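Letter by letter, the sequence shown follows residues 148 to 345 of the numbering used here.
A short worksheet on the structure shown next.
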Amino acid sequence: MRLEARKQDMKKTHDNRIRDKTVTILSRTLVLIPIYLDGFMSHALSFGGRIILSKKLATKGLQEMKRKTLLLVLGLSSTMLLGSCNASKEHKGFPFMLPVEKPNRKMSVALERNYIAYPAPRPEHNELYTLFKYTKLKGFDYNNHDGTISRRDPSKVIFANGKYYVWYTRRHTPTPPQGAKKCTDTIPSTDWDLADIW
């Protein structure tokens with residue numbers, strides 16, 4: 148009889164030591180753990196490195212506590228995994244390079260018009276733009292093509308008094324564009340910088 152009582156006392160002492168080690172580990176790693184036991188939630192709170200557990204949690208077996216904690220961790224991780232899977236199923240941004248064919252997806256009105264109103268979404272795929280031959284205009288000073296004179300962004304062609312006119316931006320600077328770090332009031336940063344309307 149005494150031997151049986153002693154074995155039971157030793158088992159209780161062993162269980163208490165394991166439970167104390169578990170409580171110490173929990174107190175070092177977690178601030179708040181919701182643990183579900185028998186239909187109610189008890190909290191393990193850490194205050195200054197020590198842990199306070201509800202009486203019911205302290206009396207439960209170590210295996211039950213491990214099982215419930217494992218279920219909680221698995222539930223949280225699967226919820227996070229499912230959330231990330233749902234986020235990846237959403238439409239990605241519209242591709243940088245426009246597809247030749249109109250894609251079957253939601254688009255802005257302007258982009259939709261680009262596919263409906265024109266023969267091709269990009270100028271290089273449109274015959275209207277690819278059939279023109281480049282002709283150098285006479286009467287313009289190109290300054291030996293050194294990059295100090297630039298003409299760009301023409302307006303609509305205007306016909307008046309038997310002549311054709313066009314507004315455009317023109318830059319005539321002492322140097323070609325030098326980039327943002329070297330630009331000044333007379334040195335342009337880009338091709339259209341310091342341009343005037345002519």
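Cβ coordinates follow ideal geometry from the N, Cα and C atoms, glycine included.
On a predicted model such as this, the values are computed, not experimentally measured, just so you know.
With distances taken between CB atoms, is the gap from residue i to residue j smaller than 8 Å?
i, j, result
"Y315", "S302", "yes"
"T268", "L245", "In the sequence under discussion, the amino acid at residue 268 is Pro, which differs from the Thr named in the question. In this structure, L245 lies closer than 8 Å to P268 by Cβ."
"P323", "D293", "yes"
"H319", "T295", "yes"
"P266", "E274", "yes"
"A299", "W339", "For the sequence presented, residue 299 should be read as Arg rather than Ala. Yes. Within cutoff."
"A327", "S297", "no"
"K253", "Y262", "no"
"H272", "V256", "no"
Where does the unbroken alpha helix (DSSP H) through residue i begin, and where does it stop?
i, result
"A257", "256-263"
Under the three-state reduction of DSSP, which class applies to residue i: helix, strand or coil?
i, result
"K310", "strand"
"T316", "strand"
"T331", "coil"
"T322", "coil"
"S225", "helix"
"T346", "The question about residue 346 has no answer here: the residues shown for the chain are numbered 148 through 345."
"F194", "Residue confidence for F194 is low, a pLDDT of 42 falling below 50, so the modelled location carries little weight; the figure read from the coordinates is stated next. Residue state, collapsed to three classes: strand."
So what does residue i bridge to, in DSSP terms?
i, result
"D343", "R317"
Task: beta strand (DSSP E) runs wholly inside the segment 239-307, at least 3 long, in chain order - done: Entirely contained in the segment 239-307, the beta strand (DSSP E) runs reaching 3 residues are, in chain order, 296-299, 305-307.
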